[in-house]
Amino acid sequence: MLLRKAVNNVFWICCLLALLFSYFDKSLKHLLRRGRVRQLKHSQTIHHAWNICFFTAATIYLTLYHKLLINPEIANQSSKYFPQYNNTIFLTACDVVKFEFVTMLLVAFDLNGAVGRAKHGDYSEAISKLFYASLLICCFVLRLENYSVLLNLYLGIFNLIQELLLLLSLHTKEKSDSTLKLYVIFIFSSWSYLFLNVLPFEFLIPTLYANSKELYLYLNLFFWLWYCSCIWNSPILKYFYHKIYHLQTNDCIGGESSVRCILFKDSPNYRHYRSVKQAYLELKLFHDKSKISGSRHREGENSSTKVLQTIKCVLAVKRKLKRMRENRDQLCED
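Under this note's numbering, the residue at position 209 of the sequence shown is numbered 210, and the numbers go up by one with no gaps.
Now the structure itself:
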């Protein structure tokens with residue numbers, strides 16, 4: 002019954018988020034057209050702006066949630082001689098209704114994001130979002146309120162920074178390579194701090210050594226699956242992937258630049274634009290080659306005509322000289 006209710010809530014929240022995104026998409030497209038932004042950038046600009054709005058609201062709400070609801074309970078547990086929890090991160094829910102609402106909203110947002118990623122062919126990102134949604138559901142089943150809120154708060158801040166940098170890079174001039182490199186350095190630094198420092202020591206290791214092994218088995222499983230998928234989609238691995246596999250300029254959206262490959266998403270619109278551009282360049286090259294071969298053919302015909310005319314002129318001159326010698330000999334005999 003509880004699972005059925007949760008699935009029903011997630012479904013309706015997904016529908017509500019889809020309607021809100023549709024209205025947001027139409028409104029922002031109108032503004033982008035008036036601002037004379039290139040049509041190829043519309044889809045990604047709207048996607049980044051939508052994520053920025055959601056993560057900003059989520060970060061503010063979760064900060065207040067943790068400060069007003071969870072911190073007093075942590076202080077209460079810390080003041081006891083025999084606290085209920087060895088690690089306050091495993092503090093159970095003190096307000097189940099609010100915790101359920103937050104979890105269902107975040108799960109619905111991740112499911113919508115997974116569908117959008119799969120629609121654009123980015124299956125690794127879609128799978129990562131599904132793993133994270135499963136992790137949030139597992140936290141809700143175990144009533145790990147502090148665990149879930151802190152995890153979402155850290156990720157919300159990181160995603161907000163990343164989406165802002167991606168939006169800025171999308172509208173940065175193409176010749177500003179130093180600015181794009183600075184954006185990539187910020188993304189590398191924030192990702193490394195969160196996934197190599199905060200998450201392992203505050204979440205992964207404490208979860209491995211939790212008291213109830215049976216209850217936390219699924220939590221460990223989904224956390225490790227999601228964490229490994231994040232490592233797979235990390236900007237560091239994207240850099241090495243670009244250096245190893247993107248050998249031609251047409252292999253990715255960044256061309257020869259690894260910085261652009263990391264910052265820009267390879268959407269279907271960009272893939273279509275690249276294929277059309279490649280076809281145009283090939284057609285232009287073929288046309289230039291045909292012009293060169295045609296001009297060479299005409300030059301060959303002209304040169305053969307000139308040679309033939311030269312031979313005729315030489316033969317005519319020889320005949321004239323022969324006749325002049327014959328006439329001169331006859332005059333001498335007379």
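Backbone N, C-alpha and C fix where the C-beta goes; we use that ideal spot for every residue, glycine too.
For residue i, is the classification buried or exposed, using 16 other Cβ atoms within 10 angstroms of its Cβ as the cut-off for buried?
{"i": "Val260", "result": "buried"}
{"i": "Gln163", "result": "buried"}
{"i": "Met325", "result": "exposed"}
{"i": "Asn160", "result": "buried"}
{"i": "Val8", "result": "exposed"}
{"i": "Thr104", "result": "buried"}
{"i": "Cys253", "result": "buried"}
{"i": "Asn224", "result": "A small fix is needed here, since residue 224 is Phe in this sequence, not Asn. So Phe224 ends up on the buried side."}
{"i": "Val97", "result": "exposed"}
{"i": "Ala94", "result": "buried"}
{"i": "Asn198", "result": "exposed"}
{"i": "Cys314", "result": "exposed"}
{"i": "Gly36", "result": "exposed"}
{"i": "Ala115", "result": "buried"}
{"i": "Asn77", "result": "exposed"}
{"i": "Ala109", "result": "buried"}
{"i": "Tyr24", "result": "exposed"}
{"i": "Phe102", "result": "exposed"}
{"i": "Phe12", "result": "exposed"}
{"i": "Arg34", "result": "exposed"}
{"i": "Tyr66", "result": "buried"}
{"i": "Leu92", "result": "buried"}
{"i": "Tyr194", "result": "exposed"}
{"i": "Ile14", "result": "buried"}
{"i": "Arg5", "result": "exposed"}
{"i": "Ser28", "result": "exposed"}
{"i": "Leu395", "result": "Residue 395 cannot be examined here, being either before or after the span of the chain that is shown, 2 to 335."}
{"i": "Tyr184", "result": "buried"}
{"i": "Arg118", "result": "buried"}
{"i": "His243", "result": "buried"}
{"i": "Tyr246", "result": "exposed"}
{"i": "Leu286", "result": "exposed"}
According to DSSP, simplified to helix, strand and coil, what is residue i?
{"i": "Leu152", "result": "helix"}
{"i": "Leu36", "result": "According to the sequence displayed, residue 36 carries Gly and not Leu. It is coil, neither helix nor strand."}
{"i": "Ser258", "result": "coil"}
{"i": "Gly122", "result": "coil"}
{"i": "Cys314", "result": "helix"}
{"i": "Tyr210", "result": "coil"}
{"i": "Tyr246", "result": "helix"}
{"i": "Thr173", "result": "coil"}
{"i": "Ser235", "result": "coil"}
{"i": "Cys336", "result": "Residue numbering for the chain in the displayed model covers 2 to 335; residue 336 lies beyond these limits and cannot be assessed."}
{"i": "Tyr217", "result": "coil"}
{"i": "Lys266", "result": "coil"}
Strictly by DSSP, which residues pair up with residue i?
{"i": "Thr93", "result": "Leu145"}
Any C-beta of chain D sitting closer than 7 angstroms to the C-beta of residue i?
{"i": "Tyr194", "result": "The chain labelled as chain D is not found in the depicted structure, where only one protein chain is given."}
By Cβ distance, which residues of its chain are closer than 6 angstroms to residue i, with the 5 residues on each side in sequence left out?
{"i": "Asn221", "result": "Thr208"}
{"i": "Gly157", "result": "Phe56, Ala59 and Thr60"}
{"i": "Phe100", "result": "Ala94 and Glu146"}
{"i": "Tyr124", "result": "none"}
For residue i, collect the residues of the same chain with a Cβ closer than 7 angstroms to its Cβ; drop the 5 residues on either side in sequence, then sort them by chain order.
{"i": "Tyr133", "result": "Asp111 and Trp227"}
{"i": "Leu136", "result": "Phe223, Phe224 and Trp227"}
{"i": "Lys266", "result": "Gln45"}
{"i": "Ala19", "result": "Asn113"}
{"i": "Tyr240", "result": "Ser259 and Ile263"}
{"i": "Tyr155", "result": "Leu195 and Val199"}
{"i": "Asn10", "result": "Met105"}
{"i": "Phe22", "result": "Trp51"}
Quick one: what's got a C-beta closer than 8 angstroms to residue i's C-beta in the same chain, skipping five residues either side?
{"i": "Phe196", "result": "Tyr228, Cys231, Ile232 and Ser235"}
{"i": "Phe189", "result": "Pro236 and Ile237"}
{"i": "Phe187", "result": "Ile162 and Leu166"}
{"i": "Tyr217", "result": "Leu143, Thr208 and Ala211"}
{"i": "His172", "result": "Val38, Lys42 and Thr46"}
Below 8 angstroms, can you find three or more Cβ-Cβ pairs linking the stretch 36-43 to the stretch 151-160?
no
Report yes or no: do the stretch 228-240 and the stretch 127-138 share at least 3 C-beta pairs separated by less than 8 angstroms?
yes
Three-pair Cβ contact test at 8 angstroms for the stretch 203-212 versus the stretch 165-184
Because the criterion of three Cβ pairs below 8 angstroms is not met, the stretch 203-212 and the stretch 165-184 do not touch.
Check whether the stretch 139-146 touches the stretch 46-56, taking contact to mean three or more Cβ pairs, one atom from each stretch, closer than 8 angstroms.
Not touching, per the Cβ criterion.
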